[in-house]
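Each residue of the sequence shown is one higher than the one before, starting from 0 at the first, in numbering that gives the first Met the number 0.
Glycine residues also receive a C-beta, built at the ideal position from the N, C-alpha and C atoms.
Keep in mind that this is a model prediction, so the values were computed, not measured.
To start, the structure under review is shown below, and the notes come after it.
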Amino acid sequence: MAPYIGTATSRVDGVAKVTGAAKYAAEFNVPGLLYGSVATSTIAKGRITRMDRSAALRVKGVVDVLTHENRPYMADNDQAYKDETAPLGAPFRPLYDNKIWFNGQPIALVVAETSEVARFAASLLRVEYEREAHVTDVYRQRDSASPVREPTSPIEALFAPPKPRGAPEQALTAAAVRHEAEYYVPIEHHNPMELYASTVIFEGNGKLTVYDKTQGVQNVQQYLCGVFGMKPDDVRVMSPFMGGGFGSGLRPQFQVVLAVLAARALQRSVRVVLTRPQMYVIGYRPAMIQRIALGANAGGTLDAITHDAVTVTSQYEEFYRQETGWSGLLYGCANARYAHKLTQLDLATSCDMRAPSAATAVYALESAMDELAVALKLDPLELRLRCYSDRDQHEDRPFSSKALRDCYRQGAEAFGWDKRSLAPRSQRDGSDLVGWGMATGIWEALQIPITVRIVLTANGHAEVACATSDIGTGTYTVMTQVAADMLGLPLSNITIKLGDSSLPQSPVEGGSWIATSVANGIATTADAIRGELLRLAKQIPTSPLANANPDDVALADGKLVNRRDGSRAVSIADAMRHGAVDRIELERTNSPDHDASRAHNTHAAIFAEVKVDEQLGVIRVTRVVSAVAAGRIMNPKTASSQILGSVVWGIGMALHEETLIDHTFGRIINANIAEYHVPVNADVQDIKVIFVDEPDDSNRLGMKGLGEIGIVGVAAAITNAVYHATGKRVRDLPITLDKLQR
Ligand code: MOS
Numbered sequence: 000m001a002p003y004i005g006t007a008t009s010r011v012d013g014v015a016k017v018t019g020a021a022k023y024a025a026e027f028n029v030p031g032l033l034y035g036s037v038a039t040s041t042i043a044k045g046r047i048t049r050m051d052r053s054a055a056l057r058v059k060g061v062v063d064v065l066t067h068e069n070r071p072y073m074a075d076n077d078q079a080y081k082d083e084t085a086p087l088g089a090p091f092r093p094l095y096d097n098k099i100w101f102n103g104q105p106i107a108l109v110v111a112e113t114s115e116v117a118r119f120a121a122s123l124l125r126v127e128y129e130r131e132a133h134v135t136d137v138y139r140q141r142d143s144a145s146p147v148r149e150p151t152s153p154i155e156a157l158f159a160p161p162k163p164r165g166a167p168e169q170a171l172t173a174a175a176v177r178h179e180a181e182y183y184v185p186i187e188h189h190n191p192m193e194l195y196a197s198t199v200i201f202e203g204n205g206k207l208t209v210y211d212k213t214q215g216v217q218n219v220q221q222y223l224c225g226v227f228g229m230k231p232d233d234v235r236v237m238s239p240f241m242g243g244g245f246g247s248g249l250r251p252q253f254q255v256v257l258a259v260l261a262a263r264a265l266q267r268s269v270r271v272v273l274t275r276p277q278m279y280v281i282g283y284r285p286a287m288i289q290r291i292a293l294g295a296n297a298g299g300t301l302d303a304i305t306h307d308a309v310t311v312t313s314q315y316e317e318f319y320r321q322e323t324g325w326s327g328l329l330y331g332c333a334n335a336r337y338a339h340k341l342t343q344l345d346l347a348t349s350c351d352m353r354a355p356s357a358a359t360a361v362y363a364l365e366s367a368m369d370e371l372a373v374a375l376k377l378d379p380l381e382l383r384l385r386c387y388s389d390r391d392q393h394e395d396r397p398f399s400s401k402a403l404r405d406c407y408r409q410g411a412e413a414f415g416w417d418k419r420s421l422a423p424r425s426q427r428d429g430s431d432l433v434g435w436g437m438a439t440g441i442w443e444a445l446q447i448p449i450t451v452r453i454v455l456t457a458n459g460h461a462e463v464a465c466a467t468s469d470i471g472t473g474t475y476t477v478m479t480q481v482a483a484d485m486l487g488l489p490l491s492n493i494t495i496k497l498g499d500s501s502l503p504q505s506p507v508e509g510g511s512w513i514a515t516s517v518a519n520g521i522a523t524t525a526d527a528i529r530g531e532l533l534r535l536a537k538q539i540p541t542s543p544l545a546n547a548n549p550d551d552v553a554l555a556d557g558k559l560v561n562r563r564d565g566s567r568a569v570s571i572a573d574a575m576r577h578g579a580v581d582r583i584e585l586e587r588t589n590s591p592d593h594d595a596s597r598a599h600n601t602h603a604a605i606f607a608e609v610k611v612d613e614q615l616g617v618i619r620v621t622r623v624v625s626a627v628a629a630g631r632i633m634n635p636k637t638a639s640s641q642i643l644g645s646v647v648w649g650i651g652m653a654l655h656e657e658t659l660i661d662h663t664f665g666r667i668i669n670a671n672i673a674e675y676h677v678p679v680n681a682d683v684q685d686i687k688v689i690f691v692d693e694p695d696d697s698n699r700l701g702m703k704g705l706g707e708i709g710i711v712g713v714a715a716a717i718t719n720a721v722y723h724a725t726g727k728r729v730r731d732l733p734i735t736l737d738k739l740q741r
């Protein structure tokens with residue numbers, strides 16, 4: 000039997016998804032379900048002084064209107080609201096009191112027999128406010144931004160700027176060639192297709208089953224227990240499918256609190272679905288101002304890097320990631336300094352969005368590197384190769400593997416990079432200016448503890464269970480492939496159970512760590528299953544495996560087989576029959592050793608071609624080649640889809656995406672996917688994905704994960720191509736045609 004791992008495999012949940020059999024959080028129905036509609040504040044900062052619910056309550060079909068004044072019990076301490084991924088600070092508490100922290104904040108939940116009635120009645124609430132002056136403009140606040148805190152825990156240390164090296168200011172002054180500039184990335188939004196939604200089923204015994212749109216069912220369960228003082232047995236959180244997450248579902252969002260609040264108040268089942276505009280209020284990629292200075296010697300190697308970042312968070316929490324240090328992982332440079340400041344605005348807390356910190360910081364770094372190449376009159380790829388580093392300079396350690404050179408070589412070859420002319424505005428296609436740009440991508444390869452249960456039955460079927468989530472990335476499929484190979488069964492004999500808080504422990508799906516963690520977890524539990532089968536097989540009189548050790552045997556084709564002598568085998572059915580068992584159920588936790596002696600990263604090289612209409616300034620991304628080094632590729636089909644999607648998102652980041660705030664009101668004004676521009680089919684042309692071979696021994700399966708690496712560097716490759724096409728450097732995203740014509 001050929002291995003499934005490494006073979007292009009269609010999604011095992013594909014048919015369920017396209018036929019509608021796969022149910023999402025807002026699609027679970029029970030008789031008597033109530034619908035909640037969220038009313039939101041129209042001011043950005045201040046207090047609610049009066050709320051008149053009477054008109055809303057008079058509407059036929061309205062059951063209740065919950066506000067901070069009449070809501071049932073909620074915890075009164077910050078710790079209770081801290082979820083697994085909460086940043087420093089005091090988490091937002093929906094409907095807790097009369098204080099307004101941001102425009103669009105939930106201030107009431109109208110609960111009715113139908114969603115239409117709830118929504119109409121919500122429009123009848125009369126609210127009076129006492130306003131305070133607000134600020135939502137990062138540029139107005141940048142001078143009062145404060146440095147992120149000195150880390151007090153290992154987690155905080157991960158997000159703080161790295162330590163400085165050498166004497167960067169002196170090295171900059173002494174450098175033969177210098178480049179210094181400021182780069183801006185605006186607030187952006189995840190915009191998953193599926194709306195934030197929670198359906199709370201009020202079970203007869205007072206227990207709750209919560210279908211929630213989340214990347215972490217156990218995270219939401221623990222959070223709800225904290226907020227409402229419930230016991231874990233009283234609330235089960237389910238998220239079998241998810242219509243896109245990208246980080247937006249890492250933290251419990253307020254609709255789940257409101258739905259549970261209403262279910263508890265009314266002793267009924269309740270669904271709350273946010274509208275698209277309401278989704279814009281919570282969770283966004285923080286705007287980022289970055290100043291980068293690079294100093295190089297005439298030979299084109301780096302002497303100095305300084306990187307100063309300012310990012311955005313709320314008034315009540317301090318969300319930030321390690322924005323500034325990616326250069327120290329990517330490029331050799333003896334002198335470096337990093338600084339990160341935070342501005343607190345009257346907005347909701349910013350949050351993780353695909354490749355948080357790298358997507359934005361590497362855009363700036365790789366733009367600056369392109370500008371340095373121009374100053375050095377050097378091919379941009381050649382500059383990267385001269386600055387290539389085989390060590391993580393922050394910690395002075397090697398990489399577990401780094402096949403970035405192969406990415407550069409194979410990507411450049413597939414793109415035809417060697418035919419690029421050095422000068423900008425030197426390539427044309429009719430009335431279009433043609434530009435070629437490139438950039439590097441980098442992300443982390445993480446693995447964290449996870450628990451997997453396998454139930455193997457005598458008929459050769461296995462159920463593999465873990466509380467992890469498949470946020471659309473293909474986790475069901477990769478889990479199926481790994482289980483099939485490890486248990487020696489066909490794909491169709493494997494059933495995956497996930498997205499259920501009652502299943503064995505899993506962290507949130509994020510950081511590109513789940514595929515690696517759960518796959519190695521399956522391998523560990525499958526070992527235990529094999530050991531148990533061998534124990535049973537040895538009990539068979541004159542067993543062909545009588546003297547075998549667990550390492551001597553493998554599971555293949557439904558049998559336990561001696562690895563050296565395939566004729567010595569016992570079928571799963573025979574082993575279990577002789578042992579008088581019809582099922583083997585085992586659960587194991589896989590806790591990876593933390594290997595701090597080496598850096599663990601994925602890499603990519605992205606090459607982009609743009610065509611720019613010289614008269615109109617319209618930019619088309621006509622070709623992209625993304626060459627990725629991410630360890631062993633489990634499923635080339637779903638893996639390519641991950642990278643393709645990321646490249647499309649990179650096109651959006653470079654040319655389209657921008658959340659706009661009317662600072663007079665502190666309100667997001669393009670809170671819909673018509674006016675928040677994302678790439679459409681016509682914006683997506685030829686994209687080629689290459690996976691380079693990258694053996695890695697950091698974990699048994701040689702995996703690294705690739706949920707996020709695909710977007711890192713894409714925007715810079717495109718904007719560098721725009722410069723090459725036009726000779727005009729635009730340093731604030733997105734590059735809309737007005738900026739090009741300015
Ligand atoms: Mo990802 S931003 O960790 O969901």
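Same chain, Cβ closer than 6 Å to residue i, neighbours up to 5 away in sequence not counted
{"i": "Arg-250", "result": "Asp-82 and Thr-84"}
{"i": "Met-192", "result": "Gly-242 and Gly-243"}
{"i": "Ser-516", "result": "Gln-446, Ile-447 and Ile-449"}
{"i": "Ala-670", "result": "Pro-276 and Tyr-279"}
{"i": "Gln-321", "result": "Phe-158 and Ser-356"}
{"i": "Ala-715", "result": "Tyr-362, Glu-365, Ser-366 and Ala-438"}
Euclidean distance between Cα positions of residue i and residue j
{"i": "Leu-739", "j": "Ala-174", "result": "31 Å"}
{"i": "Thr-39", "j": "Val-109", "result": "11 Å"}
{"i": "Arg-70", "j": "Ser-238", "result": "26 Å"}
{"i": "Ile-453", "j": "Lys-496", "result": "10 Å"}
{"i": "Arg-597", "j": "Tyr-330", "result": "16 Å"}
{"i": "Pro-276", "j": "Ser-356", "result": "25 Å"}
{"i": "Gln-538", "j": "Pro-503", "result": "31 Å"}
{"i": "Asp-499", "j": "Ser-468", "result": "8 Å"}
{"i": "Leu-87", "j": "Asp-307", "result": "21 Å"}
{"i": "Ala-626", "j": "Asp-692", "result": "10 Å"}
{"i": "Arg-631", "j": "Leu-257", "result": "42 Å"}
{"i": "Asn-698", "j": "Asn-519", "result": "7 Å"}
Run of the beta strand (DSSP E) containing residue i, from where it starts to where it stops
{"i": "Gly-45", "result": "45-51"}
{"i": "Gly-440", "result": "431-443"}
{"i": "His-306", "result": "301-312"}
{"i": "Ile-571", "result": "Ile-571 -> not in any beta strand (DSSP E); alpha helix (DSSP H) instead, spanning 571-577."}
Residue i, buried or exposed, once every other Cβ within 10 Å from all chains shown has been counted against 16
{"i": "Arg-419", "result": "buried"}
{"i": "Val-620", "result": "buried"}
{"i": "Asp-232", "result": "exposed"}
{"i": "Ile-668", "result": "exposed"}
{"i": "Tyr-319", "result": "buried"}
{"i": "Arg-529", "result": "buried"}
{"i": "Arg-139", "result": "exposed"}
{"i": "Ile-521", "result": "buried"}
{"i": "Glu-508", "result": "buried"}
Extent of the continuous alpha helix (DSSP H) run through residue i
{"i": "Leu-403", "result": "403-414"}
{"i": "Phe-253", "result": "253-265"}
{"i": "Phe-158", "result": "153-158"}
Cβ neighbours of residue i in the same chain (closer than 8 Å, five flanking residues each side left out)
{"i": "Ala-264", "result": "Asp-63, Leu-65, Arg-70 and Pro-71"}
{"i": "Ala-132", "result": "Lys-44"}
{"i": "Leu-52", "result": "Just to set this straight, residue 52 is Arg in the shown sequence, not Leu. Cβ within range, chain order: Val-64, Thr-66, Ala-107 and Leu-124."}
{"i": "Ala-457", "result": "Ile-571, Ala-572, Met-575, Arg-576, Val-580, Asp-581 and Arg-582"}
Close beta carbons around residue i, own chain, < 7 Å, minus the five adjacent residues each side
{"i": "Cys-406", "result": "His-602, Ala-603, Ala-604, Ala-626, Val-627, Ala-628 and Val-691"}
{"i": "Asn-334", "result": "Arg-164, Gly-165, Ala-166, Pro-167, Ala-170, Asp-302 and Ala-303"}
Three-pair Cβ contact test at 8 Å for the segment 44-62 versus the segment 90-105: yes
Are the segment 226-233 and the segment 163-180 in contact at 8 Å, needing three or more beta carbon pairs? no
State whether the segment 184-191 contacts the segment 24-43, with contact taken as three or more CB pairs (one from each stretch) at a distance under 8 Å. no
When the Cβ atoms of the segment 645-663 are set against those of the segment 711-727, are three or more pairs found closer than 8 Å? yes
Does the segment 567-581 touch the segment 423-435, meaning 3 or more C-beta pairs lie closer than 8 Å? no
Can you find at least 3 beta carbon pairs, one from the segment 723-735 and one from the segment 610-618, that sit closer than 8 Å? yes
Should the segment 578-596 be called in touch with the segment 630-644, which here means at least 3 C-beta pairs below 8 Å? no
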